[in-house]
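In what follows, a single structure is set out as C-alpha cells and then discussed.
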Amino acid sequence: MQVRHTNFRYKIFFLVLVLALINYIDRGALSYSGEFIINEYGLDKPSWGNVLGFFGYGYMFGALFGGMLADKFGPKKVWLVAGIAWSVFEILTAYAGNIGLMFMGGSVLAGFGVMRILFGLAEGPAYSVINKTISNWAAPKERGFVVSMGLLSTPLGALLTAPVAVFLLSWTQSWRITFIVLGVAGIVALFFLMRSMTDYPHQNSKVSEQELEIIGDIATTYYEEDRHLKWWHFFKSPTLIFNTVGYFAFNYVNFLLLTWTPKYLQDTFGYNLSSLWYMGMIPWIGACVTILLGGKISDFLFKKTGSLRIARGYFSAILLFLTTLSFLSVNFATSAAMVIAIITVGNALNSFANTVYWTVVIDTAPASKVGTFSGIMHFLGNIASVLAPTLTGYLVWASGYNAMFMAAGVVTCIGMFCMLAVKPGKL
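Position one of the sequence shown corresponds to residue 327 (this note's numbering), numbered consecutively onward.
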C-alpha cells in the first residue's frame with residue numbers, strides 16, 4: 327500500500343537544496359585551487375580573473391534557456407540533463423589546462439575557457455528551475471520562505487566550499503582529484519532527487535489529497551493562466567526590469583566574494599591554505615541566517631501591510647543601501663579582523679534580500695511563464711558573474727584591492743535606487 331504524506335513537498339525542497347548546494351560548491355572550488363593552478367601554469371592576475379570569469383559566459387545562457395526549457399518540458403527533465411552535464415564538466419575541468427596545451431594551440435586559457443563556459447552553461451539552469459519547482463510545489467502563503475530555502479544554497483554553498491575544498495585539496499594534495507570527487511558527488515545527489523520528484527504534486531503518488539488542497543490546484547491554474555504572453559513581455563515590465571538590476575547588484579557582490587576572497591586574503595594578509603578553510607567561511611556565516619530571515623520578514627511585511635511594494639521593493643532597497651555603506655567602508659578598516667567583520671556584515675545584508683528578487687517574479691509573472699521570466703532575470707543578473715571576477719582582476723592589477731570594494735559599493739547603490747521603483751504584481 328502506497329503511503330501518502332501531507333508534507334512531502336518539503337522532501338522535494340530539501341533534495342533540491344542538497345543538489346543546489348553541490349552545484350554551488352562545484353563552482354566555488356576553483357577559487358580555492360587558485361594557488362595550485364596559478365603556480366602550475368604561470369598565470370598573472372588578469373589571466374586568473376579571466377579564468378574565474380569564463381564560468382559566467384556559459385552560466386548566463388544556461389540560466390536563460392534553463393527557465394524556458396523548464397516551462398516547456400517540466401523541471402524534472404531539466405534537472406536531470408543539467409545535473410549530469412555539470413557534473414561531467416566539473417570532472418573535465420581537472421584536465422582543462424592540459425587540454426588547452428595539447429589541442430588548443432598551447433593555450434591554457436583556451437582550455438579553461440572552453441571547460442568553464444560549458445560547465446557554466448550546464449549549471450546555469452539551476453536557480454531558474456528551483457523557482458519553477460517552487461512555483462509548482464509551494465503553497466502561495468509559504469512562497470517567500472520556500473524560495474529562501476532554495477536560495478540558502480548560495481551562502482551555505484559558499485560557506486561549505488571553504489572547508490570542503492580545502493579538506494579535499496589538503497587530503498588529496500591534488501586540485502584535479504578534488505574536481506573529480508565533486509563531480510561524482512553531484513551525480514549521486516541527482517539520483518536521489520530523480521527518485522522522488524515529479525513536475526507537479528498532483529502527479530506524485532506520495533502526495534496526499536490534504537497536501538494538494540494546501541498547495542492549491544496547480545494543475546488547473548496552470549492551464550487557466552494567460553499562456554499567450556511571449557518571452558519578450560518581460561522587457562515591457564518596468565517592475566521586472568528594475569528587479570533584475572537589483573538582482574544584478576546582489577550577484578555582483580556574491581560573485582566578487584566567491585571568486586576573489588581567497589586570493590585577497592592570501593595577498594593582503596598572508597593567509598595560507600590551512601587558514602583559508604575557516605577564514606573563507608566567515609564572510610558567509612551571517613548570510614546563511616539572513617537569507618532565511620529575508621523570506622520570513624518579507625512575507626511578514628506583506629501580511630501586515632498588504633503591500634507587496636513595501637514587502638519586496640522597499641525592504642530590499644533598504645538592505646542594498648546598508649550593503650553599499652558596508653563595502654564603501656572596507657577601505658577605511660585598519661586590521662584584518664575589522665576587514666573580515668565588515669565584509670561579513672555586508673555580505674549578510676546583501677543576502678538578506680536575495681529571496682525578494684525571485685519572489686517578485688513569482689508575484690508578478692503568470693504561472694506558465696515563471697520559468698521563462700526567472701531565466702531571463704537570471705541571465706541578465708548573471709552578467710555580474712562575468713563582470714565581477716573579470717573586472718576585479720584588472721582593477722586589482724591597476725589600482726589594488728581598494729578599487730574592488732569601491733566598485734561593489736557603486737553597483738549596490740544603483741541597485742538600491744532601482745528596487746525603490748519595483749511594483750510587484752504589476753506586469
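All C-beta atoms, glycine included, are put in the ideal place defined by N, C-alpha and C.
Near residue 774, which residues of its chain fall below 6 Å by C-beta distance, leaving aside the five closest residues on each side in sequence? Any question about residue 774 goes unanswered here, given that the chain covers just 327 to 753.
Helix, strand or coil at residue 402 according to DSSP, with G and I counted as helix: helix
Apart from the five residues on each side of it in sequence, which residues of its chain come closer than 7 Å, Cβ to Cβ, to residue 371? 719, 722, 723
Short of 6 Å in beta carbon distance, which residues of its chain neighbour residue 377, apart from the five on each side in sequence? Order them along the chain. 438
Among the residues of its own chain, which have a CB less than 7 Å from the CB of residue 374, if the five just before and after it don't count? 360, 364, 719
Rounded C-alpha distance that separates residue 391 from residue 747: 27 Å
Residue 473 versus 434, 618, 513, 426, residue with shortest Cα-Cα distance: 618
Over the uninterrupted alpha helix (DSSP H) stretch that includes residue 587, give me the two end residues. 564–595
Which class does residue 728 belong to by DSSP, given the choice of helix, strand or coil? helix
Count the other CB atoms, across all protein chains shown, that sit within 10 Å of the CB of residue 663; report buried if there are 16 or more and exposed otherwise. exposed
Suppose you measure from the CA of residue 539 to the CA of residue 691; what does that come to, to the nearest Å? 22 Å
Straight-line CA distance for residue 501 to residue 562? 46 Å
Look at the alpha carbon of residue 388 and the alpha carbon of residue 710, and state the distance between them as a whole number of angstroms. 14 Å
Give the range of the alpha helix (DSSP H) segment to which residue 639 is assigned. Here residue 639 belongs to no alpha helix (DSSP H), and DSSP marks it neither H nor E.
Residue 381 and residue 442: beta carbons closer than 7 Å? yes
Taking 6 Å as the cut-off, is the CB of residue 488 close to at least one heavy atom of the ligand NAP? Absent from the structure shown: the ligand NAP. Ligands present: none.
Chain-order list of residues whose beta-carbon lies under 7 Å from that of residue 681 (same chain, five-residue window excluded): 470, 473, 474, 477, 617, 620, 621, 624
Own chain, CB closer than 6 Å to residue 738, minus 5 neighbours either side, in chain order: 575, 646, 649, 650
Nearest to residue 534 by alpha carbon, out of 403, 357, 335, 414? 335
Rounded to whole angstroms, what is the Cα-Cα separation between residue 583 and residue 730? 10 Å
For the alpha helix (DSSP H) containing residue 447, name the first residue and the last one. 434–449
Should residue 366 be labelled buried (16 or more other beta-carbon atoms within 10 Å of its own) or exposed? exposed
Pick out whichever of 555, 708, 333, 498 has its Cα sitting closest to the Cα of residue 468. 333
Evaluate residue 712 with the Cβ neighbour count: other Cβ atoms within 10 Å of its Cβ, from every protein chain shown; 16 or more gives buried, anything less gives exposed. buried
Does the contact criterion of 3 or more C-beta pairs under 8 Å hold for the region 501–518 versus the region 425–439? no
Does DSSP classify residue 607 as helix, strand or coil? coil
If we count the other Cβ atoms within 10 Å of its Cβ and call it buried at 16 or more, is residue 558 buried or exposed? exposed
Do residue 455 and residue 401 have their CB atoms nearer than 7 Å? yes
Can you find the residues in the same chain that come closer than 6 Å, C-beta to C-beta, to residue 612, ignoring five residues on each side of it along the sequence? 670, 674
Can you tell me where the alpha helix (DSSP H) with residue 676 in it begins and where it stops? 662–678
Counting only the same chain and skipping the five closest in sequence on each side, list residues whose C-beta sits under 6 Å from that of residue 422. 437, 438, 441
Applying the 10 Å Cβ sphere with the 16-neighbour rule, what's the burial state of residue 751? exposed
Just the Cα atoms here: how many angstroms apart are residue 420 and residue 653? 34 Å
Can the beta-carbon of residue 572 be found less than 7 Å from the beta-carbon of residue 642? yes
Going by the CB atoms, is the gap between residue 555 and residue 695 shorter than 7 Å? yes
Buried or exposed for residue 493, please, with buried defined as at least 16 other CB atoms from any protein chain shown within 10 angstroms of its CB. exposed
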